[in-house]
Structure formats: structure tokens, C-alpha cells
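Numbers in our numbering are just positions in the sequence shown, counted from 1, shifted up by 273. Below: the structure, in C-alpha cells.
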Amino acid sequence: MLLNVNELLISLSKTLDFAEREVLPTHSNHGMRVAYISARIAQKTGFSDHDLFDLISYALLHDNGVMASIRNARDGKQVPGTNLQSAPLINSADGFSMVEASPGHCVEGEKNLAHFPFIQRKDNVILYHHERYDGSGFFGISGNNIPLYSRIIHLADSMAIWYSNGMGTDMITDAIIRNAHVFDPDLCEAALELSSNVEFWLDQKELFVQSALVAMLPQVSREFDYKQIRTISQMFSRIIDAKSPFTGSHSRGISDKTGFVCQYYEYDEKTYWKMRIAADLHDLGKLIVPGPILDKPGKLCRDEFRVIQSHPYYTRRILEKIDGFEDITEWASNHHEKLNGSGYPYGFDSRTLDFNSRILACVDIYQALTEDRPYRKAMEHRQAIDIMTDMARHGLIEASVTEDMDSIFCGVVE
Ligand SMILES: [Fe+2]
Ligand SMILES: [Fe+2]
Ligand SMILES: [Fe+2]
């Protein structure tokens, strides 16, 4: 299919912006704003459309390691490759979160993008996006030894954070001048010039930043097949899995098992990969659900349960914006619907739910039952299938898929 990767990333990265808001409540649209400011600075310094395109991808994903960094902090792990402890979950007085002020999210973010085939730069843009021009950053790299894209993102990131902290135009201009030693001087000059434009700051408003960014996207569409697009969804599935300590490999497990089920049904290659993408992204909306509710031990009150129930709705609202994702949207966001209409969030029933939506719903239940949870151990195959058979008997899930999953996974999942 013909795809503009930037457009796809804007849709998906919105979930990262929501996730980051949990750490920095004032910062909505952070990735989008950093991408927009980066692109404007780059334009002033004469970037080609092709380079601009890559820069926007990187900028949208620059903080993709935040979830994994939070997970490491939660687990008491050190930042990989350093002797530093991962960032604690508190905000510092100047409004920069400790997560942003720790190299953990740079290391994890770089790692997560390592298998991302759409942007080819190999100079560790994400790893070095907090390096300072004077060498006082996390890894002590200075001047033009810092990759150009990282220098741009660092300046844009600082401007976006100052803006979101409520600083006005003059204060931000002062802050750039005061901190000039940590930024590339040429980029500083471009940023100061931009700062004097009224429209530049109006474009930062919550209401406009996305459309301002979309308006300046280079129109670079390329032909991709779903197998290639799957590398993007896989990257997001790792971020989703990093969010919850209890379901750390849930999306990966579902995607693998969905693959086996599709092979069993001898699906053509295109449908096979679309199903894998849907499985990767089925819980995408969980990035928008607040972590303390998602991970709350014990019983949830009605309102909290409603918040949890919103996640497949968010999945739908994000995926439905992507051209070519029509089927994927259906299959992914119907995974908590039930054939008798008792599911959520829409209450769809057997008249609406197609076979592939039924497969994902079954695989989701099977995966959940065979995973450890804080309140119970993982169930064995037989016990999980018995529960699902009972659900099928009561008209909740597809009986034939349950039966087929029994034969596919019997002896494979213990
Ligand atoms: Fe960052
Ligand atoms: Fe950032
Ligand atoms: Fe779910």
C-alpha cells in the first residue's frame, strides 16, 4: 500500500504524547510539538524534503523510551550501559521530569528504534537527543560530534517544554539566549529568528499544532507491504507492553499466537500480516489509560472499571485515522466485544463481529488466562480452554475458534 510514514507516526505517536502526560501533566502534544519546532528550525537551515521527513519521524518518536525507562525504574534496574539508576517518577522543580532528566529513556528509545527500517541513520539520534553542545550532557559528547538531528531535537525539546510550562514568547527567547552554550549556535540563531514570528507561536497552541505539523509534512509516500508496516506496530507493541508490570509480554504473546491461528486457517500473506498488526496494536489505547488505574491491585470501583473499558475505544479512534488500516481497526478494537452483545465499549454482537474480530477476542482471553497475574498464577492450557469453552457455551465467544485453539496450542502452551 502507498503510505506516508510520517502520517502513520503522527497517529500512533499521539498515544506516546498521552503517556508522557502522566509524567508531565502539563505536556500535551509533546512529540508533535517537538516535531513541528524541529522541522521549522531544519527548514531554516536548508534541509531537503527527504532529510526533513526523517527528522520528523525521529522527533515524533524522540521520547519513545519513556515507558521502558519508567518500567526499569519501577523494577529498580540500572540504565543499561551505565552505572546510573533509572529515573524515579518525580518531577523536578523546573518542570523537566526526572524521566526526561535521565539517560534511561535515551538508551531505551534508541534500542527500540534499532529495528525500525524506515529511517536509516545510524548515528544514534535518539540516544544523544539530550546531549549538550558544551559537553555537559549525559554522555559528554560535545559540539558537532553530536549528530545534527539530535542537536535540533534537543533545542526543539527545550523550547516545547518551556512553552508547555507556560512561559511566554519573551521568556522563551531569554531562555534560549541564557542557555546558548548548550545548543548549536547556528540552530540557536534560527530558533531566535523563528521566535520573532507571531504565527510560529500560534502554531504551538494545542488546537493547531497537529494541523500545523501536517501542513508542512513533505509529501513523500512510498509503497510498503503490511509485513514492513508490521515493524512499526511491533515497536509500539513493545511500548504498550512496557507500560504494565503485570502484562509485560501480553501484546507480543497475542501477536505470536494470532500468527499461529492464522497459519492454521491458511490465511493469505496480506491478511496474515494485517492480523499480526491488529494483534500488536489491540491494546494501543492502554497508553492513554492512567497507569495507577491500569495497574491497581485489588478490586476496581465502577468508575475505574469504566476508565479501563475505554482502552479499545481509544484504539479505534487512533487507528481509524490511518488509510489502509480499516480492517486492522475493526479487528484490533473489537477484542473486548462479546457475541451476545455484553462486551465493551460498543456492545457489538454476532451480527457485527466478523470472524477475525472473534479470533482476536479468543486469543486475547487465552493469552490473559495463560499469563501470570498479581492475584493468580498462569493457568495451564486445559484449564484456559475449559473456561473459554464455557464462555462459548454461554454465547460470549466463538466456539469453533476455541475448539481450533485447543488443537493448535495443546501441548505447545503448558
Ligand atoms: Fe527526552
Ligand atoms: Fe522530550
Ligand atoms: Fe484489551
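A virtual CB, placed ideally from N, CA and C, is assigned to each residue, including glycine.
Under 7 Å: does the beta carbon of His-335 sit that close to some heavy atom of ligand 2? For the purposes of this step, residue 335 is taken as residue 62 along the sequence shown, with counting starting at 1. Yes, the beta carbon of His-335 sits closer than 7 Å to at least one heavy atom of ligand 2.
To the nearest angstrom, report how far apart Ile-550 and Pro-585 are at their CA atoms. Stepping through the sequence shown from its first residue, residue 550 is reached at position 277. Stepping through the sequence shown from its first residue, residue 585 is reached at position 312. Roughly 15 Å separates the two Cα atoms.
For Ala-464 versus Met-432, is the C-beta spacing smaller than 8 Å? Position 191 of the sequence shown, counted from the first residue, corresponds to residue 464. Position 159 of the sequence shown, counted from the first residue, corresponds to residue 432. Cβ distance < 8 Å, so Ala-464 and Met-432 count as in contact.
Does DSSP put Glu-381 in a helix, in a strand, or in coil? If you number the sequence shown from 1, residue 381 lands on position 108. The answer is helix: DSSP assigns Glu-381 an H, G or I state.
Sort Phe-509, Asp-596 and Lys-572 by Cα distance to Ala-387 and report the nearest one. For the purposes of this step, residue 387 is identified with residue 114 of the sequence shown, where counting begins at 1. It is Phe-509.
DSSP-derived helix/strand/coil call for Arg-347: For the purposes of this step, residue 347 is identified with residue 74 of the sequence shown, where counting begins at 1. DSSP, read as helix, strand or coil, puts Arg-347 in helix.
Boundaries (first-last residue) of the alpha helix (DSSP H) holding Thr-689: The structure shown has nothing for residue 689, since the chain only spans 274 to 687.
Can you check which of these residues, Val-685, Asn-438, Gly-413 and Ile-513, is closest to Thr-588 by C-alpha distance? Residue numbering aside, residue 588 sits at position 315 when the sequence shown is read from its first letter. Nearest C-alpha to Thr-588: Ile-513.
Go ahead and pull the three-state DSSP assignment for Arg-575. In the sequence shown, counting from the first residue as 1, residue 575 sits at position 302. Arg-575: helix per DSSP, three-state reduction.
Check the C-beta distance from Asn-607 over to Ala-634 and give it rounded, since I have them as a contact under 8 Å. For the purposes of this step, residue 607 is taken as residue 334 along the sequence shown, with counting starting at 1. For the purposes of this step, residue 634 is taken as residue 361 along the sequence shown, with counting starting at 1. Their Cβ separation, rounded to whole angstroms, is 7 Å, which keeps Asn-607 and Ala-634 in contact under 8 Å.
Please state whether DSSP places Arg-495 in a helix, a strand or coil. Numbered from its first residue, the sequence shown carries residue 495 at position 222. Three-state DSSP puts Arg-495 in a strand.
Tell me the start and end of each unbroken alpha helix (DSSP H) in the segment 524-571 that is at least 4 residues and wholly inside, in chain order. 542-554 and 564-567
DSSP puts Arg-649 in a beta bridge; with which residues? Stepping through the sequence shown from its first residue, residue 649 is reached at position 376. Arg-646, per the DSSP bridge assignment.
Check for me: the alpha helix (DSSP H) holding Ser-286 runs from which residue to which? The count along the sequence shown starts at 1 and reaches residue 286 at position 13. 278-296 is the extent of the alpha helix (DSSP H) around Ser-286.
Could you have a look at Leu-421 and say whether DSSP puts it in helix, strand or coil? Here residue 421 refers to the residue found at position 148 of the sequence shown. Of the three classes helix, strand and coil, the one that applies to Leu-421 here is helix, per DSSP.
Is the number of C-beta pairs between the segment 316-325 and the segment 280-297 that are closer than 8 Å three or more? no
What number of angstroms, rounded off, separates the C-alpha of Cys-683 from the C-alpha of Val-636? Taking the sequence shown and counting its residues from 1, the one referred to as residue 683 is at position 410. Taking the sequence shown and counting its residues from 1, the one referred to as residue 636 is at position 363. Going by the C-alpha atoms only, they are around 14 Å apart.
Measure the CB-CB distance between Leu-567 and Ile-581 and report whether it falls below 8 Å. For the purposes of this step, residue 567 is taken as residue 294 along the sequence shown, with counting starting at 1. For the purposes of this step, residue 581 is taken as residue 308 along the sequence shown, with counting starting at 1. Yes. Within cutoff.
Thinking just about the alpha-carbon of each residue, which of Glu-466, Thr-520, Asp-553 and Asp-663 is nearest to the one in Ile-601? Residue numbering aside, residue 601 sits at position 328 when the sequence shown is read from its first letter. Here the closest residue by C-alpha is Asp-553.
Does DSSP put Leu-275 in a helix, a strand or coil? For the purposes of this step, residue 275 is identified with residue 2 of the sequence shown, where counting begins at 1. In this structure, Leu-275 counts as strand in the three-state DSSP scheme.
For Gly-408, which residues from the same chain have a beta carbon less than 6 Å from its beta carbon, with the 5 sequence-adjacent residues on both sides left out? In the sequence shown, residue 408 corresponds to position 135, counting from 1. So the qualifying residues of the chain are Ser-415.
So, helix, strand or coil for His-584, using DSSP? Taking the sequence shown and counting its residues from 1, one reaches residue 584 at position 311. Assignment of His-584 by DSSP, reduced to helix, strand and coil, places it in the helix class.
Any heavy atom of ligand 2 within a distance shorter than 7 Å of the CB on Asp-430? By 1-based counting over the sequence shown, the position of residue 430 is 157. Yes, the Cβ of Asp-430 comes within 7 Å of a heavy atom of ligand 2.
I'd like the span of the alpha helix (DSSP H) that includes Pro-458, first residue to last. The sequence position of residue 458 within the sequence shown is 185, counting from 1. Its alpha helix (DSSP H) spans residues 458-468.
Exposure of Asp-336, with buried meaning 16 or more beta-carbon neighbours within 10 Å: Position 63 of the sequence shown, counted from the start, is the residue given in the question as residue 336. The residue is buried, with at least 16 neighbouring Cβ atoms inside 10 Å.
Measure the C-alpha to C-alpha separation of Trp-435 and Ile-445 and round it to an integer number of angstroms. Position 162 of the sequence shown, counted from the first residue, corresponds to residue 435. Position 172 of the sequence shown, counted from the first residue, corresponds to residue 445. About 7 Å.
Between which two residues does the alpha helix (DSSP H) holding Ser-625 run? Reading the sequence shown from its first residue, position 352 is the one you call residue 625. Looking at the sequence shown, residue 625 is not Ser but Thr. Where Thr-625 is concerned, there is no enclosing alpha helix (DSSP H), given that its DSSP letter is neither H nor E.
Please determine, among Ser-437, Asp-498 and His-403, the residue with the shortest C-alpha to C-alpha distance to Arg-294. By one-based count along the sequence shown, residue 294 stands at place 21. Here the closest residue by C-alpha is Ser-437.
Comparing alpha-carbon positions, which option in Gly-571, Pro-570, His-654 and Asp-430 lies nearest Gln-310? The sequence position of residue 310 within the sequence shown is 37, counting from 1. For the sequence presented, residue 310 should be read as Ile rather than Gln. The residue with the shortest Cα to Cα distance from Ile-310 is Asp-430.
Suppose the cutoff is 7 Å on Cβ atoms and the five residues either side in sequence are ignored; what does the same chain contact list for Lys-543 look like? Reading the sequence shown from its first residue, position 270 is the one you call residue 543. Taken in chain order, the residues that qualify are Tyr-499.
Does Leu-282 have its Cβ less than 8 Å from a Cβ in chain B? In the structure shown, chain B cannot be found, because there is only a single protein chain.
Output the distance between the C-alpha atoms of Asp-563 and Leu-281, rounded to the nearest integer angstrom. By 1-based counting over the sequence shown, the position of residue 563 is 290. By 1-based counting over the sequence shown, the position of residue 281 is 8. Residue identity differs from the one stated: residue 563 is Pro in this sequence, not Asp. Cα to Cα, the separation comes out at about 24 Å.
Can His-303 be considered in contact with ligand 1, in the sense that its beta carbon sits closer than 7 Å to one or more heavy atoms? Sequence index remark: in the sequence shown, residue 303 carries index 30 (1-based). With a cut-off of 7 Å, the C-beta of His-303 is classified as distant from ligand 1, since no heavy atom of the ligand falls inside that distance.
Using the C-alpha atoms, what's the distance from Glu-610 back to Asp-622? What you label residue 622 is simply residue 349 of the sequence shown in a count that begins at 1. What you label residue 610 is simply residue 337 of the sequence shown in a count that begins at 1. If you take the alpha carbons of Asp-622 and Glu-610, they lie about 7 Å apart.
Suppose contacts are defined by Cβ-Cβ distances below 8 Å. Is Ser-246 in contact with Ser-342 by that definition? Nothing can be reported for residue 246: it is not among the residues displayed for the chain, which extend from 274 to 687.
Where Asp-457 and Tyr-401 are concerned, what is the direct C-alpha to C-alpha distance, given to the nearest angstrom? Taking the sequence shown and counting its residues from 1, the one referred to as residue 457 is at position 184. Taking the sequence shown and counting its residues from 1, the one referred to as residue 401 is at position 128. So the two alpha carbons sit approximately 14 Å from each other.
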